[in-house]
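Enquirer: Numbering (this note's numbering), first residue to last: 60 to 537.
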RNA sequence: CGGGGUGUAGCGCAGAUGGUAGCGCGCAUGGUUCGGGACCAUGAGGCCGGGAGUUCAAGUCUCCCCACUCCGACCA
């Protein structure tokens, strides 16, 4: 009789969700702790997931006309000071370099928490004419923010990300860019990471320091909390004026370009874990899994088994899949549990009985289903199964999102809806920040976004009772 | 930065009233195994988070640090 729980090392998520998360991060060999709080080591398996996300995103950035650059690590304090809202937002969590060798620096240097100011300073040197625009830049780097409490992937002091920065001749063009890049994130999340998203606008309270508009994609985790999975900002010309990035337009007048920035970080890996993982470990969407299928020989010492398993690995590799064979001397059961913990989407078992029957056994990580696959059809059936896993994972996540999204007309209804297990609540909203704060007070939720897809779920703001402007989504956020 | 928890072998832990460290797993070697975390034998592995103090003697008692972790406030 099969045991219900196969991996002893991982705490059940029902028992302690945070511990479950941390267990997966370490037991699946994604991260290790370093000697400095909030600075994590991405181990090869964890980094490989990031590399796959990175290559998918990079491909899309380039397809939409962007170029990669590399900006300095350090920002002179005077540069950071130039845009007042921006400094106010980031100053509390900046780390500073004050010494060079044994000399104290005449101006202290901030280790970049984000690079808007660096890009703007650079553009002020190189942009003179409408012919120089747009500048469509992106950089892959890490940034540093001195967070108080830290967790692997979800909140590090240093984290890897990409930051796109663009400037355009007109507001319209910049606004289109902002939404275009939000769509890139949304498409990656849904099609590759199997994470359904809600696209929307952040309230003024929640928007990025210095931005005119902040757009977001919000995802729901297993514990029904929200994870902001990507953001895209429209800045207007606030920074470009502050940094004096003036250009001469076609009509020979001096103008300031309109700016955007957008980012996605390794936090998304935390999102993948908390969207798809289960009590046996990580579950990775096939499209970004470093190993899409693992071949496990059964009774490896028996004549021909190891060779046959090697042959399967070679055939699947030749078919373009990311495949690994586990020929270690661990027992098959050990290997099953190990690769489950690491979230490999498909396990392929091949033993003496299979070889005799001209087949192998494929087991899906997402739902545990096993099926026989004829060796003759290997190259067509395995990719089909991977597609099925990918879709199955999305549907499961979508179901979680739908089943824990409620609508409410009063604050009491909001509290009632969140009573067992939390989730997202849609209400109308007057647009007043005071009501946003009051909701946090009364129901313990913050605004996640004002969704692009609006519904009329009432007529008045549930807090103040005044006529409502729009629908907003509330939730507890990571 | 406020509150809680934890630091002893790689990991998980045990070490009464102080006497110079032990168990399980893992690791190494050899052998038997192999369709859901196999077993036997042998072996390696320790500045007991750090620093002061008390004492003939500190993993153990007293102070002070530090790190990790969880819950709040702030953020991707």
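The beta-carbon is built from N, C-alpha and C at its ideal position, and this holds for glycine as well.
Could you check if residue 527 is buried or exposed, using at least 16 other CB atoms within 10 Å of its CB as the buried criterion?
Expert: Indexing the first chain from 1 puts residue 527 at position 468. Counting Cβ neighbours within 10 Å, residue 527 comes out buried, since at least 16 surround it.
Enquirer: My output table needs one value for residue 487: the three-state DSSP class, helix, strand or coil.
Expert: As a first step, residue 487 must be located in the first chain, where it is residue number 428. It is a strand residue.
Enquirer: DSSP on residue 158, reduced to helix/strand/coil?
Expert: As a position in the first chain, residue 158 is number 99, starting the count at 1. DSSP places residue 158 in strand when its eight states are reduced to three.
Enquirer: Entirely within the segment 468 to 531 and at least 3 residues each: give me those beta strand (DSSP E) ranges in chain order.
Expert: If we require 3 residues or more, the beta strand (DSSP E) runs fully inside the segment 468 to 531 come out as 483 to 488 and 505 to 510.
Enquirer: Give the DSSP-derived three-state secondary structure of residue 336 in the structure shown.
Expert: Counting from one through the first chain, the residue named residue 336 turns up at place 277. Reduced to three states, the DSSP call for residue 336 is coil.
Enquirer: Starting from residue 219, trace the beta strand (DSSP E) in both directions and tell me its first and last residue.
Expert: As a working mapping, residue 219 is identified with position 160 in the first chain. That run of the beta strand (DSSP E) goes 217 to 227.
Enquirer: Go ahead and pull the three-state DSSP assignment for residue 347.
Expert: Translated into positions along the first chain, residue 347 becomes position 288. Looking at residue 347 - three-state DSSP - the assignment turns out to be coil, as it is neither helix nor strand.
Enquirer: So what's residue 426 in DSSP terms, helix, strand or just coil?
Expert: By 1-based counting over the first chain, the position of residue 426 is 367. Residue state, collapsed to three classes: coil.
Enquirer: Spatial neighbours of residue 209 within its chain, please: C-beta separation below 7 angstroms, excluding the five flanking residues on both sides.
Expert: Residue mapping note: residue 209 aligns to position 150 of the first chain, counting from 1. 96, 97, 215 and 216, listed in sequence order.
Enquirer: Got a sec, what are the start and stop residues for the alpha helix (DSSP H) residue 368 sits in?
Expert: For the purposes of this step, residue 368 is taken as the residue at position 309 of the first chain. Per DSSP, residue 368 belongs to the alpha helix (DSSP H) from 364 to 377.
Enquirer: Who are the Cβ neighbours of residue 519 in its own chain at under 7 angstroms, not counting the five residues just before and after it?
Expert: Looking up residue 519 in the first chain gives position 460. Result list for residue 519: 487, 525, 526 and 527, in chain order.
Enquirer: Please report the straight-line C-alpha distance between residue 267 and residue 467, rounded to a whole angstrom.
Expert: The residue given as residue 267 occupies position 208 in the first chain. The residue given as residue 467 occupies position 408 in the first chain. For residue 267 and residue 467, the distance between alpha carbons rounds to 28 angstroms.
Enquirer: Just mark residue 313 as buried or exposed, buried being the case when its beta carbon has 16 or more other beta carbons within 10 Å.
Expert: The count along the first chain starts at 1 and reaches residue 313 at position 254. Residue 313 is exposed by the Cβ-count criterion.
Enquirer: Of all the options 118, 256 and 193, which has the alpha carbon lying nearest to the alpha carbon of residue 232?
Expert: As a first step, residue 232 must be located in the first chain, where it is residue number 173. The option with the nearest alpha carbon to residue 232 is 193.
Enquirer: Look up residue 97 in the DSSP assignment and say whether it is helix, strand or coil.
Expert: In the first chain, residue 97 corresponds to position 38, counting from 1. Residue 97: coil per DSSP, three-state reduction.
Enquirer: Is the beta carbon of residue 168 closer than 8 angstroms to that of residue 135?
Expert: In the first chain, counting from the first residue as 1, residue 135 sits at position 76. In the first chain, counting from the first residue as 1, residue 168 sits at position 109. Yes, Cβ-Cβ distance for residue 135 and residue 168 is below 8 angstroms.
Enquirer: Note down the Cα distance separating residue 158 from residue 290, rounded to an integer number of angstroms.
Expert: Translated into the one-based positions of the first chain, residue 158 becomes position 99. Translated into the one-based positions of the first chain, residue 290 becomes position 231. Roughly 34 angstroms between the two C-alpha positions.
Enquirer: Which residue or residues does DSSP assign as beta-bridge partners of residue 536?
Expert: Here residue 536 corresponds to residue number 477 of the first chain, with the count starting at 1. Partner(s): 285.
Enquirer: Round the Cβ separation of residue 249 and residue 256 to the nearest angstrom and send it over; I've been treating them as touching at under 8 angstroms.
Expert: Within the first chain, numbered from 1, the residue matching residue 249 stands at position 190. Within the first chain, numbered from 1, the residue matching residue 256 stands at position 197. Sure, about 6 angstroms apart at Cβ, within 8 angstroms.
Enquirer: Can you give the Cα-Cα distance for residue 407 and residue 334, rounded to whole angstroms?
Expert: In the first chain, residue 407 corresponds to position 348, counting from 1. In the first chain, residue 334 corresponds to position 275, counting from 1. For residue 407 and residue 334, the distance between alpha carbons rounds to 24 angstroms.
Enquirer: Excluding the five sequence neighbours on either side, which residues of its own chain have a C-beta within less than 8 angstroms of the C-beta of residue 181, listed in chain order?
Expert: Numbered from 1 along the first chain, position 122 holds the residue referred to as residue 181. Answer for residue 181: 130, listed in chain order.
Enquirer: Please state whether DSSP places residue 317 in a helix, a strand or coil.
Expert: Within the first chain, the letter at position 258 stands for residue 317. Strand.
Enquirer: Which of the three DSSP states, helix, strand or coil, is assigned to residue 84?
Expert: Start at 1 with the first residue of the first chain, and residue 84 comes out as number 25. Three-state DSSP puts residue 84 in a helix.
Enquirer: Under the DSSP definition of a beta bridge, which residues are partnered with residue 179?
Expert: Numbered from 1 along the first chain, position 120 holds the residue referred to as residue 179. According to DSSP, which records beta bridges pairwise, residue 179 is partnered with nothing at all.
Enquirer: Give the secondary structure of residue 390 by DSSP, where H, G and I count as helix, E and B as strand, and everything else as coil.
Expert: The residue you call residue 390 lines up with position 331 of the first chain. Looking at residue 390 - three-state DSSP - the assignment turns out to be coil, as it is neither helix nor strand.
Enquirer: In terms of residues, what are the limits of the beta strand (DSSP E) holding residue 213?
Expert: Locating residue 213 in the first chain gives position 154, where the first residue counts as 1. Here residue 213 belongs to no beta strand (DSSP E), and DSSP marks it neither H nor E.
Enquirer: Nearest to residue 115 by CA position, among 284, 247 and 147, is which residue?
Expert: Along the first chain, read from residue 1 onward, the residue named residue 115 stands at position 56. Here the closest residue by C-alpha is 247.
Enquirer: Express the C-alpha separation of residue 423 and residue 347 in angstroms, rounding to a whole number.
Expert: Working through the first chain from its first residue, we reach residue 347 at position 288. Working through the first chain from its first residue, we reach residue 423 at position 364. Straight-line Cα distance between these residues: approximately 16 angstroms.
Enquirer: Grab me the residues of residue 172's own chain with a C-beta within less than 7 angstroms of its C-beta, minus the 5 sequence neighbours each way, in chain order.
Expert: Residue numbering aside, residue 172 sits at position 113 when the first chain is read from its first letter. Contacts found: 149, 152, 153, 202, 203 and 204.
Enquirer: Tell me which residue opens and which closes the beta strand (DSSP E) that residue 237 is part of.
Expert: Counted from its first residue, the first chain places residue 237 at position 178. Run containing residue 237: none in the beta strand (DSSP E); it sits in the alpha helix (DSSP H), 230 to 246.
Enquirer: Take residue 354 and list the residues in its own chain whose beta-carbon comes closer than 6 angstroms to its own, dropping the five residues that flank it on each side.
Expert: Taking the first residue of the first chain as 1, we reach residue 354 at position 295. Closer than 6 angstroms at Cβ, skipping near neighbours: 368, 371, 372, 384 and 407.
Enquirer: Give the straight-line distance between the Cα atoms of residue 462 and residue 483, rounded to the nearest whole angstrom.
Expert: Looking up residue 462 in the first chain gives position 403. Looking up residue 483 in the first chain gives position 424. About 10 angstroms.
Enquirer: DSSP has residue 267 in a bridge; who is on the other side?
Expert: Sequence index remark: in the first chain, residue 267 carries index 208 (1-based). None, per the DSSP bridge assignment.
Enquirer: Pull up the distance between the alpha-carbon of residue 492 and that of residue 263, whole angstroms please.
Expert: If you number the first chain from 1, residue 492 lands on position 433. If you number the first chain from 1, residue 263 lands on position 204. For residue 492 and residue 263, the distance between alpha carbons rounds to 8 angstroms.
Enquirer: Classify residue 221: buried if its beta carbon has 16 or more other beta carbons within 10 angstroms, exposed otherwise.
Expert: Taking the first residue of the first chain as position 1, residue 221 is located at position 162. So residue 221 counts as buried.
Enquirer: Quick one: give me the first and last residue of the beta strand (DSSP E) that residue 456 is part of.
Expert: Start at 1 with the first residue of the first chain, and residue 456 comes out as number 397. Counting along the chain, residue 456 falls outside any beta strand (DSSP E), though it belongs to the alpha helix (DSSP H) covering 437 to 462.
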